[in-house]
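**Q** Below is a structure I'd like to ask you about.
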Amino acid sequence: MPKVTQELHKNGDFFVDYEEKVFEDVKAEPGEKALVTFHTVAFEGSIGFVNMLQATRLQRKGYETSILLYGPGVTLGLQRGFPTIGDEAFPGHLNFNNQLKKFMAEGGKVYACRFALQALYGHGEPSLIEGIRPINPLDVLDLKLLHVRDNAVIIDTWTV
0 MPKVTQELHK NGDFFVDYEE KVFEDVKAEP GEKALVTFHT VAFEGSIGFV
50 NMLQATRLQR KGYETSILLY GPGVTLGLQR GFPTIGDEAF PGHLNFNNQL
100 KKFMAEGGKV YACRFALQAL YGHGEPSLIE GIRPINPLDV LDLKLLHVRD
150 NAVIIDTWTV
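For the sequence shown, numbering that gives the first Met the number 0 begins at 0 and goes up steadily by one.
As structure tokens, this is what we get:
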């Protein structure tokens, strides 16, 4: 059997060169927009949270950034908590809520499809995190088309 002689890693060690940046740090030109769409279920994988972080990063780079929650994506925008709303039952339990609140506090806009909210998931507008704008299901496509028309950066988040 081979013997491992390398010392254990310690806090403060690193595995990769995290300081090297290969590409320029792109910033938005005045008036540039971004849209991040979510058709994914809360807690079904990391993509929902990761792309919330991307939306926040786009906002901080100067893009006028919007998030669209539609289909199962509306579950990302629901108030949650246990035993009462707002209580974090375990670390990370409210990560979607907290990230959306931070995104909106920094000027981002969040939209949620009313059809998915009611017809698919049995929730009403009072179930949404404060600041999320409910929209007509016919607005879902138009929101995306408006961003296409404006040559916006668009990130589509899907879980299959």
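Note that the Cβ used here is the ideal one computed from N, Cα and C, for glycine as well.
Where do the N-terminal and C-terminal ends of the beta strand (DSSP E) with K108 fall, by residue?
**A** Along the sequence shown, one-based indexing puts residue 108 at 109. 108-112 is the span of the beta strand (DSSP E), which, as asked, contains K108.
**Q** Would you kindly work out how many angstroms separate the C-alpha atoms of V152 and A54, rounded to a whole number?
**A** In the sequence shown, residue 152 corresponds to position 153, counting from 1. In the sequence shown, residue 54 corresponds to position 55, counting from 1. Going by the C-alpha atoms only, they are around 10 Å apart.
**Q** Quick test of the definition: if touching needs 3 or more C-beta pairs under 8 Å, does the region 22-36 touch the region 59-66?
**A** Touching, yes.
**Q** Put F148 into one of helix, strand or coil per three-state DSSP.
**A** Within the sequence shown, numbered from 1, the residue matching residue 148 stands at position 149. Sequence inspection shows Arg at residue 148; the Phe mentioned does not correspond to that position. Reduced to three states, the DSSP call for R148 is helix.
**Q** Please tell me whether, using a cut-off of 7 Å, the distance from the CB of V21 to the nearest non-hydrogen atom of the ligand GDP is below it.
**A** Only the bare structure without any ligand can be found here, which leaves the ligand GDP out of the picture.
**Q** Please determine if the region 31-40 and the region 5-12 are in contact, where contact requires at least 3 C-beta pairs separated by less than 8 Å.
**A** No, the region 31-40 is not in contact with the region 5-12.
**Q** Tell me whether I66 sits in a helix, a strand or coil according to DSSP, three-state version.
**A** The sequence position of residue 66 within the sequence shown is 67, counting from 1. The answer is strand: DSSP assigns I66 an E or B state.
**Q** From the DSSP output, in three-state form, read off R132 for me.
**A** As a working note, residue 132 is residue 133 in the sequence shown. Strand.
**Q** Do K108 and R132 have their C-beta atoms closer together than 8 Å?
**A** Against the sequence shown, residue 108 aligns to sequence position 109. Against the sequence shown, residue 132 aligns to sequence position 133. Yes. Within cutoff.
**Q** Could you round the C-beta distance between N94 and I128 to whole angstroms and report it? I think they count as a contact, below 8 Å.
**A** Mapped onto the sequence shown, residue 94 falls at position 95. Mapped onto the sequence shown, residue 128 falls at position 129. Actually they are not in contact, since the Cβ atoms of N94 and I128 sit about 13 Å apart, beyond 8 Å.
**Q** The alpha helix (DSSP H) that contains K32, what's its start and end?
**A** Position 33 of the sequence shown, counted from the start, is the residue given in the question as residue 32. Not the alpha helix (DSSP H): K32 falls in the beta strand (DSSP E), residues 32-38.
**Q** How do the region 80-88 and the region 113-130 stand: do at least 3 beta-carbon pairs fall below 8 Å, yes or no?
**A** Note that the region 80-88 does not touch the region 113-130; fewer than 3 beta-carbon pairs, one per stretch, sit closer than 8 Å.
**Q** Roughly how many angstroms lie between the CA atoms of R79 and H92, to the nearest whole one?
**A** By one-based count along the sequence shown, residue 79 stands at place 80. By one-based count along the sequence shown, residue 92 stands at place 93. Answer to the nearest angstrom: the Cα atoms are 9 Å apart.
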